[in-house]
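If you read the sequence shown in this note's numbering, its first letter stands for residue 455, the second for the next number, and so on.
By construction, the Cβ of each residue, glycine as well, lies at the ideal position given by its N, Cα and C atoms.
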Amino acid sequence: MFEGGISFNSDSDKAVRYIALLGTPIFVGYNLLIFFGIVQSTNYAGDVICLLISALWLAVGVYHFFTPIRSGFDMLGRLVTYHALALATVVFITGFLEPFASSIALLFLASNIYFGRKALALSVSSVIVAATIDAIVRYPENNTIIVNNILGTSGIIVLGLAMVGVIISQETKRHALMQSQASERLQYDRILTIINNLSDATFSTDDKGNILMYNAACLNLLDTNDNLKGVNINSLFNLTDADMTKVKLFDILSKATKTERNDSIRHTYIDGEEIRLEMTYAPIKSTYSRRKKGQVQAGFILIMRDVTKQKSLEEERDEFISVVSHELRTPITIVEGTLSNLQVMMRMEKKPEPQVLESSMSTAHDQVMYLAKMVNDLSTLSRAERGVADAGEDIDVEELMHEMHKAYEKDASARKLHLNLDLGTKLGTVHVSRLYLEELLQNFITNAIKYTNEGTITITTKAKSGTVHFAVKDSGIGISRGDQQKIFAKFYRSEDYRIRETNGTGLGLYVSAKLAHKIGTQIDVTSRLNHGSTFSFDLPQLTK
Numbered sequence: 455m456f457e458g459g460i461s462f463n464s465d466s467d468k469a470v471r472y473i474a475l476l477g478t479p480i481f482v483g484y485n486l487l488i489f490f491g492i493v494q495s496t497n498y499a500g501d502v503i504c505l506l507i508s509a510l511w512l513a514v515g516v517y518h519f520f521t522p523i524r525s526g527f528d529m530l531g532r533l534v535t536y537h538a539l540a541l542a543t544v545v546f547i548t549g550f551l552e553p554f555a556s557s558i559a560l561l562f563l564a565s566n567i568y569f570g571r572k573a574l575a576l577s578v579s580s581v582i583v584a585a586t587i588d589a590i591v592r593y594p595e596n597n598t599i600i601v602n603n604i605l606g607t608s609g610i611i612v613l614g615l616a617m618v619g620v621i622i623s624q625e626t627k628r629h630a631l632m633q634s635q636a637s638e639r640l641q642y643d644r645i646l647t648i649i650n651n652l653s654d655a656t657f658s659t660d661d662k663g664n665i666l667m668y669n670a671a672c673l674n675l676l677d678t679n680d681n682l683k684g685v686n687i688n689s690l691f692n693l694t695d696a697d698m699t700k701v702k703l704f705d706i707l708s709k710a711t712k713t714e715r716n717d718s719i720r721h722t723y724i725d726g727e728e729i730r731l732e733m734t735y736a737p738i739k740s741t742y743s744r745r746k747k748g749q750v751q752a753g754f755i756l757i758m759r760d761v762t763k764q765k766s767l768e769e770e771r772d773e774f775i776s777v778v779s780h781e782l783r784t785p786i787t788i789v790e791g792t793l794s795n796l797q798v799m800m801r802m803e804k805k806p807e808p809q810v811l812e813s814s815m816s817t818a819h820d821q822v823m824y825l826a827k828m829v830n831d832l833s834t835l836s837r838a839e840r841g842v843a844d845a846g847e848d849i850d851v852e853e854l855m856h857e858m859h860k861a862y863e864k865d866a867s868a869r870k871l872h873l874n875l876d877l878g879t880k881l882g883t884v885h886v887s888r889l890y891l892e893e894l895l896q897n898f899i900t901n902a903i904k905y906t907n908e909g910t911i912t913i914t915t916k917a918k919s920g921t922v923h924f925a926v927k928d929s930g931i932g933i934s935r936g937d938q939q940k941i942f943a944k945f946y947r948s949e950d951y952r953i954r955e956t957n958g959t960g961l962g963l964y965v966s967a968k969l970a971h972k973i974g975t976q977i978d979v980t981s982r983l984n985h986g987s988t989f990s991f992d993l994p995q996l997t998k
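Rendered as structure tokens:
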């Protein structure tokens with residue numbers, strides 16, 4: 455196809471060459487009918503010219519069929535040749551008013567196909583010029599030639615232009631359809647690109663629940679590499695609702711009339727692992743259906759997300775708030791009651807003994823200190839959870855341990871305990887958060903002081919095999935085997951009466967476990983009831 459022409463491909467070119475091959479015998483046959491006198495023609499110029507033109511028709515037809523078009527100039531030469539043969543046949547053999555002359559309309563079509571509107575105009579002009587010259591030359595011999603040529607030429611032009619108009623109309627519609635299909639494909643590719651780049655599993659199904667489209671996140675969610683297209687979505691999920699009742703996914707989708715969200719669904723894998731799912735889904739409505747007199751359900755779009763961790767955190771948070779509220783309520787009630795009682799006693803005419811007032815104030819003070827300790831533990835826990843001050847720094851282990859020993863030596867002496875420091879050689883440095891390491895050691899030391907009534911507490915630090923071993927050992931009341939499995943749970947306090955005699959929040963070791971995790975270590979506990987406990991952990995020694 456060349457500039458100005460309509461869309462034309464190799465298949466169409468092949469079809470034109472077949473038409474030319476099949477049309478050639480018809481034209482030659484018509485010429486021979488005139489040659490043998492079976493059909494009469496006033497334009498017949500003699501046998502030699504008739505045979506020569508017929509031979510040229512056969513040669514050009516065969517050549518055009520067996521030789522593909524190589525270039526625009528090649529096609530132009532062929533088209534000019536066909537015009538010359540067709541006009542020569544009409545002028546010297548058949549005449550413009552004969553049935554054969556209408557075949558020239560095919561040349562109009564070929565001109566428009568290959569070279570556009572200008573070539574069509576030249577093709578029509580060539581017929582008009584040939585008819586005019588033919589009329590002028592033959593008028594002295596045939597005074598009806600002018601009318602015949604005008605009628606014949608008019609018929610050829612009307613027929614040719616009608617054919618061209620129909621082809622152009624069909625081509626315009628085809629071009630519009632191709633543009634529409636290209637636009638639709640572009641929109642499809644855009645949607646597919648968006649879906650494939652979503653981190654959430656996204657399915658598109660038909661109205662029966664068979665999957666039409668899905669993204670890579672779907673394979674991750676289902677832990678599979680299988681092709682899911684055409685698979686019914688019910689067969690992929692083993693779902694239960696909030697009441698642990700089995701449900702079918704398509705049953706949930708089919709009830710939706712608008713965009714809906716459901717985060718109470720659980721999916722169980724083949725190996726028994728269970729996850730919590732959040733689903734957002736909506737029906738897809740197609741265009742208006744005359745038969746059903748309304749919109750037709752075309753399928754569903756479904757977005758799924760694994761919210762197991764999120765749900766666990768939410769439940770843990772709710773439980774934490776509930777427990778904290780309960781733990782705070784008791785000391786606050788005691789403080790409020792004690793202070794109210796003090797107000798009443800201070801208004802009495804006969805003032806109570808100083809010992810009574812001191813006892814009440816001491817009770818309130820103890821509860822306030824308990825609250826302060828809980829707030830401090832919660833603050834430490836919050837910092838650890840949020841990663842505040844978790845940047846590592848090089849810490850001189852020997853210097854740090856001397857500081858910790860000095861800081862708590864007076865507290866131990868106040869309880870008539872010996873606080874010993876046992877340091878190994880070549881302790882070097884560790885690279886962790888100073889704040890987290892100090893708070894971890896502080897929790898171990900203060901717990902040892904609190905739960906040791908007599909004896910010694912030993913802080914040990916040794917270097918071994920590229921690590922630094924930290925340990926706090928006491929000769930206190932010890933921890934039973936059953937309690938050793940629970941002491942790192944938040945707000946847990948043993949039922950041992952000796953534990954209950956001391957004020958504690960139940961958060962210390964829970965916070966310690968969090969801090970240990972933050973600095974990349976794990977707490978080891980060795981304890982024997984009534985013989986004491988040892989809390990220890992290891993950190994990698996910084997190599998020089």
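- If you draw a straight line from the Cα of Tyr-472 to the Cα of Thr-659, it is about 47 Å long.
- Between Pro-994 and Thr-883, the C-beta spacing is not below 8 Å.
- Closest in C-alpha terms to Asp-937, from the list Gly-549, Val-979, Lys-968 and Val-591, comes Val-979.
- The alpha-carbon separation between Leu-877 and Lys-860 amounts to approximately 14 Å.
- Per the C-alpha coordinates, the member of Asn-907, Lys-880 and Val-516 positioned closest to Asp-865 is Asn-907.
- Residue nearest to Asn-874 within the set Leu-835, Met-855 and Ile-645 is Met-855 (criterion: CA-CA distance).
- Here the stretch 542–561 lies against the stretch 495–506, with 3 or more beta-carbon pairs under 8 Å apart.
- Within 10 angstroms of the beta-carbon of Ser-981 lie 16 or more other beta-carbons, which makes it buried.
- By the Cβ rule, the stretch 587–606 does not count as touching the stretch 651–671, because fewer than three pairs are nearer than 8 Å.
- The three-state secondary structure of Phe-942, taken from DSSP, is coil.
- At the C-beta level, Val-965 and Leu-835 come within 8 Å of one another.
- Taken through DSSP and simplified to helix, strand or coil, Ile-492 comes out as coil.
- Between the stretch 673–690 and the stretch 702–714, the count of C-beta pairs closer than 8 Å reaches three or more; the two stretches touch.
- Cβ-Cβ distances below 6 Å link Thr-817 to Thr-792 in the same chain, with the five nearest sequence neighbours on each side left out; the list follows chain order.
- Closest by C-alpha distance to Ala-538, out of Asn-679, Pro-806 and Leu-561, is Leu-561.
- Val-886 is bridged by DSSP to Glu-847.
- Assigned with DSSP and collapsed to three states, Phe-691 falls in coil, not helix or strand.
- Contact check for Tyr-568 and Met-529: beta-carbon distance about 5 Å, within the 8 Å limit, so the pair qualifies.
- Nearest to Cys-672 by alpha-carbon distance, out of Lys-700, Leu-756, Gly-609 and Ile-645, is Leu-756.
- Taking all protein chains in view, the Cβ of Pro-785 is crowded by 16 or more other Cβ atoms within 10 Å, so the residue is classified as buried.
- Minimum Cα-Cα distance from Ile-931 among the listed residues Arg-715, Leu-983 and Ala-564 corresponds to Leu-983.
- Selection Val-534, Gly-753 and Lys-972 evaluated against Lys-709 yields Gly-753 as nearest (Cα-Cα).
- In the DSSP assignment, the residues bridged to Tyr-735 are Glu-714 and Leu-756.
- Between the C-alpha atoms of Thr-734 and Gly-663 there is a straight-line separation of about 15 Å.
- With the rule of 3 Cβ pairs closer than 8 Å, the stretch 508–526 does not count as touching the stretch 574–594.
- Checking the DSSP bridge columns, you'll see His-629 has no partner listed.
- Non-local beta-carbon contacts of Ala-585 in its own chain, meaning distances under 6 Å to residues more than five positions away in sequence, involve Phe-550, Asn-603 and Thr-607 in chain order.
- Under the three-state reduction of DSSP, Ala-925 is assigned to strand.
- Counting C-beta atoms within 10 angstroms of its own C-beta, Pro-808 has fewer than 16 neighbours from the protein chains shown and is therefore classed as exposed.
- Using a Cβ distance threshold of 8 Å, Gln-764 and Ile-788 do not count as a contacting pair.
- Scanning Tyr-824, Leu-832 and Thr-997 for the CA closest to the CA of Ser-919 turns up Thr-997.
- Closest by C-alpha distance to Glu-770, out of Glu-625, Ala-943 and Ser-557, is Ala-943.
- In the DSSP assignment, Gly-986 forms a beta bridge with Arg-982.
- The beta carbon of Leu-796 sits closer than 6 Å to the beta carbons of Ser-814 from its chain, once the five residues preceding and following it are set aside; these are given in chain order.
- Relative to Arg-840, the option among Gly-619, Leu-969 and Ile-724 whose CA is nearest is Leu-969.
- Straight-line spacing of the CA atoms in Gly-609 and Arg-628 works out to 28 Å.
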